[in-house]
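Chemist: Could you have a look at this structure, given as structure tokens, before my questions?
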Amino acid sequence: MSHLVAPIVDVDVGRHGGEEAPAETVPKPRLGGRFQLDDAVIKALPVPGTKVTSARNYGMSLWGQTAKIFTRLPRGGNRRYFLKSMSLGETGRTMIEGEFESLKAIHAVSPEFAPEPYAWGRYQQESPETYFLLAQFREVGEQPPDPVKFTARLADMHKRSVSPTGKFGFHITTCHAKLPQITDIWEESWAELYRKQLAHMIKLDEDKHGVWPELRHVCQLTIDKVIPRLLEPLQSGGRSIKPCLVQGDLWDENTATDMDTGEPFIFDAGSFYAHNEYEIGNWRAARHRLSNRVYVRNYKRNFPVSEPEDEWDDRNLLYSLRFDLGTAILIPGCNQRNV
């Protein structure tokens, strides 16, 4: 390990300071009371003639509502659907469309690894302005899933995915939670795309919290010096990396074991084509159960580390900054700016 980043940001490269791994298990989503379906959702059901038998609140979303829809098919048999709705105006539209396109891309590469998305759209009700995502329902079990199965499936998705342009980026804007990401561009250089993404997140952080001169100085050093030093070598000196489809915000509660099949799957995606190691940046923080080293170790067994190999940990720390800034913006009172 070269520790190129650590002297600049002054943190422990093994674990972020001040964080502890969660001791409790992730609670399973529960069914709640009756959920009122908008007519637009009923019209979006993929099998014509389907009859809705009930709809119930299911689980929790920080930014909207989620529901489980029970239906009877016209030729007999039952089918369940998952619904997510957002009443956040244009932000909600961006979130919902981005997640739909992300799941669509993941499902095309690895159908067993993500719920199939069926439709997205706007509620017929005028107010509040609400957008919805309708998808295959998959029963959430253990979170996070078994590390051996999960990392093998994740690495397989990364390997088999193919960027439609051969470049890094995506065809639309996707979101990290409710924060729009810089994804709707295509770049030959991964270093350039990541530079734009991190600079965008730094700007959102300053808009939310104001300017902290010391942090701004460190961020500028990271943009100007650290990103070129660590990421440009991935695509120079005869080395190359493949743009891989990533989930984009892969933490404990965006992946689970399917209760029906026993297989791992992912959801709540904000995808784009990236360096595959970017996906693992979110696992560095001890606040996530995926920070358990067994997950990283098994992932590396399935997808070899990029050259230069001895800079893997420095790149991982660099990628983690993107997720930590997002957490600082989204979660009031968290200490990620200090980290």
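Residue numbers (the numbering used here): 126 to 464.
Where is the CB? At the ideal position from N, CA and C, for every residue including glycine.
Just so we're clear, the structure is a prediction, and the values are computed from it rather than from any experiment.
1) Starting from A244 and walking both ways along the beta strand (DSSP E), at which residues does that stretch end?
2) Compare the beta carbon distance of W311 and T298 with 8 Å and say whether it is the shorter of the two.
3) Quick check on this structure: which residue in H232, Q190, F275 has the alpha carbon closest to the alpha carbon of W376?
4) Are the CB atoms of L443 and V351 nearer to each other than 8 Å?
5) Within this structure, are the beta carbons of A239 and I391 separated by less than 8 Å?
6) Anyone know if the C-beta pair for K209 and F257 falls short of 8 Å?
7) Mapping the DSSP letters down to three states, classify R204 as helix, strand or coil.
8) With a cut-off of 8 Å on the beta carbons, I'd call Y403 and V371 a contact; round off their distance for me.
9) Please classify K209: does DSSP put it in a helix, a strand, or coil?
10) Quick one: grab the DSSP three-state call for T298.
11) Examine the Cβ distances between the segment 166-181 and the segment 191-201 and report whether three or more of them are shorter than 8 Å.
12) Would you grab the beta carbon distance between S431 and I366 for me? Rounded to a whole angstrom, and I think it's under 8 Å.
13) Can you give me the Cβ contacts of N379 inside the same chain, cut-off strictly under 8 Å, excluding the 5 residues immediately before and after it?
14) In chain order, what residues of the same chain have a beta carbon less than 8 Å from the beta carbon of Q249, not counting five sequence neighbours either side?
15) Under a Cβ-count criterion, where at least 16 other Cβ atoms within 10 Å of its own Cβ denotes burial, should I454 be classed as buried or exposed?
16) Please report how far the alpha carbon of R341 lies from the alpha carbon of K328, in whole angstroms.
17) Starting from L187, trace the alpha helix (DSSP H) in both directions and tell me its first and last residue.
18) Identify which residue in K333, D330, H301, K292 has its Cα closest to the Cα of A316.
19) According to DSSP, simplified to helix, strand and coil, what is T219?
20) Contact between the segment 260-276 and the segment 421-431: three or more CB pairs below 8 Å?
21) Measuring only the C-alpha atoms, how far is L304 from M220?
22) By how many angstroms is the C-alpha of H301 removed from the C-alpha of L323?
23) With H, G and I counted as helix, E and B as strand and the rest as coil, what does DSSP make of A180?
24) Please go through the same chain and pick out, in chain order, the residues whose beta-carbon is closer than 7 Å to the beta-carbon of R263, but skip the five residues on each side of it.
25) Thinking C-alpha only, which one of V265, N407, R200 is nearest F448?
26) Need the endpoints of the beta strand (DSSP E) that P389 sits in, please.
27) Looking only at its own chain, which residues have a Cβ that is under 6 Å from the Cβ of I133, when we skip the five neighbours before and after it?
28) Between the Cα of T175 and those of P199, M282, L355, D281, spot the shortest distance and give me the residue it belongs to.
29) Is the distance from the Cβ of F397 to the Cβ of H283 below 8 Å?
30) Measure the C-alpha to C-alpha separation of R364 and P358 and round it to an integer number of angstroms.
31) For I194, which of helix, strand or coil comes out of DSSP?
32) Grouping DSSP H, G and I as helix and E and B as strand, with all else coil, what is R440?
33) Are S416 and R426 closer than 8 Å when you measure CB to CB?
Modeler: Per the coordinate set shown:
1) 242-247
2) no
3) F275
4) yes
5) yes
6) yes
7) strand
8) 6 Å
9) strand
10) coil
11) yes
12) 6 Å
13) Q372, I391, F392, D393, A394
14) D163, D164, A165
15) buried
16) 10 Å
17) Careful: L187 lies outside any alpha helix (DSSP H) and carries neither H nor E.
18) K292
19) helix
20) yes
21) 8 Å
22) 12 Å
23) strand
24) P240, D383, F390
25) N407
26) 389-391
27) Only weak support exists for where I133 lies, its pLDDT of 31 falling under 50; the value from the coordinates is given anyway. L346, listed in sequence order.
28) P199
29) no
30) 7 Å
31) strand
32) helix
33) no
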